[in-house]
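Just below is one structure, and these are the notes that go with it.
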Amino acid sequence: MSKQNTISVVVTGVGAVASNGMDSKEYFKNCALGITGICPSRIMEEFHYMTTYVGEVQLEKPLRWEAKFRKIGELACDEMMKDAGVTKEDIEDLGERSVFSMASANVGSLRLEPQLRLKYKIDTEGVSYEMKEYEKNNSILDFNSADGYYHFSERMGIQGTIISSNAACASGTLAIGEAVRLIKAGYADVAVAAGIDILSDISLAGFDCMSNLSKEPCKPFDKNREGITIGEGAAFVMLEREEYAIKRGAKIYGRIVGFSSMNEAYHVTAPNPNGEGAFLCMDNILKKSANIQDKCIYINTHGTGTLANDSMELKAMEQLVQKYSLNHLWFSSTKSMIGHCLGASGSLEFACSIIGLYEGRMPISISVDTPMEFNSDRLTLVTNQEKSRPYDMFLSNSFAFAGNMASIGVEKYE
Numbered sequence: 000m001s002k003q004n005t006i007s008v009v010v011t012g013v014g015a016v017a018s019n020g021m022d023s024k025e026y027f028k029n030c031a032l033g034i035t036g037i038c039p040s041r042i043m044e045e046f047h048y049m050t051t052y053v054g055e056v057q058l059e060k061p062l063r064w065e066a067k068f069r070k071i072g073e074l075a076c077d078e079m080m081k082d083a084g085v086t087k088e089d090i091e092d093l094g095e096r097s098v099f100s101m102a103s104a105n106v107g108s109l110r111l112e113p114q115l116r117l118k119y120k121i122d123t124e125g126v127s128y129e130m131k132e133y134e135k136n137n138s139i140l141d142f143n144s145a146d147g148y149y150h151f152s153e154r155m156g157i158q159g160t161i162i163s164s165n166a167a168c169a170s171g172t173l174a175i176g177e178a179v180r181l182i183k184a185g186y187a188d189v190a191v192a193a194g195i196d197i198l199s200d201i202s203l204a205g206f207d208c209m210s211n212l213s214k215e216p217c218k219p220f221d222k223n224r225e226g227i228t229i230g231e232g233a234a235f236v237m238l239e240r241e242e243y244a245i246k247r248g249a250k251i252y253g254r255i256v257g258f259s260s261m262n263e264a265y266h267v268t269a270p271n272p273n274g275e276g277a278f279l280c281m282d283n284i285l286k287k288s289a290n291i292q293d294k295c296i297y298i299n300t301h302g303t304g305t306l307a308n309d310s311m312e313l314k315a316m317e318q319l320v321q322k323y324s325l326n327h328l329w330f331s332s333t334k335s336m337i338g339h340c341l342g343a344s345g346s347l348e349f350a351c352s353i354i355g356l357y358e359g360r361m362p363i364s365i366s367v368d369t370p371m372e373f374n375s376d377r378l379t380l381v382t383n384q385e386k387s388r389p390y391d392m393f394l395s396n397s398f399a400f401a402g403n404m405a406s407i408g409v410e411k412y413e
């Protein structure tokens, strides 16, 4: 048996900031109750996007771009450290046996945002403006996306490997998976996985050009869904080698069952409509778990609210039910309440799911007026508290552009 197969990885700390919760506990509670953070935003009106709805984090002191990126990251980071019961000094004592895996889709372009808005005003309103010297010197070559990674690793006291994950909207889940792999390979006792993304005009303009934005708040798995709602947020998760966590008396949220990442190489922006890639990604995890027919399994879906994604993901889940003769499978989309947080989406959805596993409550989906039709009566879309229940295991899915796919599974710790 390989060393990787003998090392168990557990989750011991969570921190999160989203549009419907300024800490992980408030965020989860609102996702379990169906309280949304999606609302119209003045930011969207300035560029005349096809929608004004976003999942915007409301800070006491309004911040934009890099300042907001850093602030919400710090809030989530500090909460995770406190939740895990560790200090910076504790992490520093580990030396190279602590690692940091971080995801973001926008961190390298945030300094472009002010210039992009300025150029828009010049082009559309004839605004006269002479650029300051530092703005003239800010070219794309000057943007060091490593700044954010260094800032947070230093804040936590991490001295080991730092990994940057950027696989579009699968980045957050990939960051967690890579952190798990480093522990299982014997390189670390503690790994922190994080995802941070904020509202970005560059991303918003791209989705707007593709007509992928929903005019109303997104409606994942509704027959009348019409696209995505963009959101922002941050989530930090502490992972530990199980023996190390037990030795220090850590609170344990759950045990990692498996991680799967792949590229289905189907299309630049569209998933395979038959759901084959999504099925294989989830199948790679379930086949590692014993007695799954007897387990209550919940899936936090990628669930974007687009016609293509929700259809193929539903087909993939139907295939899982059939292959494993599952008694039942529950699923929902937290994007219905916080929007699609891009590189941070997988991190936030994992955070919500792991707290739900520990607390014994499923996050729900909202804005589902006319549910899609299922080909299996053993599938339930969790749309209210009555359908919610404790679960033994969850999968958190992220299926991104360019065929990037990732899924991670966690079981209850007993």
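Sequential numbering from 0 applies to the sequence shown in numbering that gives the first Met the number 0.
Here a beta-carbon is modelled for each residue, glycine too, at the ideal position from N, C-alpha and C.
All values reported here derive from a predicted model rather than from experimental measurement.
What did DSSP end up calling residue i once you bin it into helix, strand or coil?
i: Tyr133; result: A caution first: Tyr133 carries a pLDDT of 42, below 50, which makes its placement in the model unreliable, though a value can still be read off. Here Tyr133 sits in helix by DSSP.
i: Arg240; result: strand
i: Tyr26; result: helix
i: Phe142; result: Low local confidence applies: a pLDDT of 49 at Phe142 is under 50, so the model's placement there is unreliable, and no value is given.
i: Cys295; result: coil
i: Tyr128; result: Only weak support is given to the placement of Tyr128: the predicted model assigns it a pLDDT of 49, under 50, and the question is left unresolved by the model.
i: Met155; result: helix
i: Ala204; result: helix
i: Val320; result: helix
i: Ala249; result: coil
i: Ala166; result: strand
i: Phe398; result: strand
i: Ala350; result: helix
i: Ala416; result: This structure leaves residue 416 out entirely; the chain is present only between 0 and 413.
Which residue marks the beginning of the alpha helix (DSSP H) containing residue i, and which one marks its end?
i: Phe68; result: 64-83
i: Lys334; result: 334-337
i: Leu328; result: Where Leu328 is concerned, there is no enclosing alpha helix (DSSP H), although the beta strand (DSSP E) it sits in stretches over 328-331.
i: Ile90; result: 87-91
i: Ile284; result: 275-285
Along the beta strand (DSSP E) that carries residue i, what are the first and last residues, could you check?
i: Arg254; result: 253-262
i: Gly408; result: 403-411
i: Leu380; result: 378-380
Among the candidates the options, whose CA atom is the shortest distance from the CA of residue i?
i: Thr50; options: Arg180, Leu328, Gly230; result: Gly230
i: Ala277; options: Gly185, Asn165, Phe400; result: Phe400
i: Met336; options: Asn4, Thr228, Val191; result: Thr228
i: Arg96; options: Ser40, Trp64, Gly156; result: Gly156
i: Ala307; options: Gly226, Gln158, Thr5; result: Gly226
i: Gly383; options: Pro370, Asp391, Phe398; result: Contrary to the premise, residue 383 reads as Asn rather than Gly in this sequence. If we check each option's Cα against that of Asn383, Pro370 comes out closest.
i: Gly33; options: Gly20, Met43, Glu44; result: Gly20
i: Gln158; options: Lys87, Leu173, Ile284; result: Lys87
i: Thr5; options: Leu93, Arg180, Ser332; result: Arg180
i: His47; options: Thr160, Ala75, Asp200; result: Asp200
i: Gly224; options: Val367, Tyr148, Gln57; result: For the record, residue 224 in the displayed sequence is Arg; it is not Gly. The residue with the shortest Cα to Cα distance from Arg224 is Val367.
i: Ser324; options: Met261, Val98, Phe27, Asp282; result: Asp282
i: Ser288; options: Gly257, Tyr148, Glu25; result: Gly257
i: Glu348; options: Ser7, Lys60, Tyr26; result: Tyr26
Looking at residue i: is its Cβ nearer than 9 Å to the Cβ of residue j?
i: Cys30; j: Gly355; result: yes
i: Ser432; j: Ala249; result: The chain is shown from 0 up to 413; residue 432 falls before or after that span and cannot be answered.
i: Gly194; j: Ala234; result: yes
i: Ser170; j: Ser406; result: no
i: Ile296; j: Phe220; result: no
i: Ala17; j: Gly302; result: no
i: Val409; j: Ala244; result: no
i: Ala350; j: Ser23; result: yes
i: Ile182; j: Arg254; result: no
i: Asp82; j: Val13; result: yes
i: Leu178; j: Ala192; result: Per the sequence shown, the amino acid found at residue 178 is Ala instead of Leu. Yes, Cβ-Cβ distance for Ala178 and Ala192 is below 9 Å.
i: Ser375; j: Gln292; result: no
i: Arg377; j: Leu328; result: yes
i: Ile298; j: Ser395; result: yes
i: Gly304; j: Ser213; result: yes
i: Glu263; j: Pro272; result: no
i: Gly36; j: Glu55; result: yes
i: Phe151; j: Glu65; result: no
i: Glu312; j: Phe373; result: no
Sort out for me which residues DSSP pairs residue i with in a bridge.
i: Tyr52; result: Pro39
i: Val8; result: Arg240
i: Ala233; result: Val16, Ile195
i: Met392; result: Ile296, Glu410
i: Cys340; result: The partner list for Cys340 (beta bridge, DSSP) is empty, contrary to what the question assumes.
i: Val189; result: Ser97, Glu239
i: Pro370; result: Asp221
i: Leu212; result: Ile227
i: Ala178; result: Ala178 is not bridged to any residue.
i: Ile363; result: According to DSSP, which records beta bridges pairwise, Ile363 is partnered with nothing at all.
i: Ile425; result: Summary: the structure shown does not reach residue 425, with the chain confined to residues 0 through 413, and so no result is reported for it.
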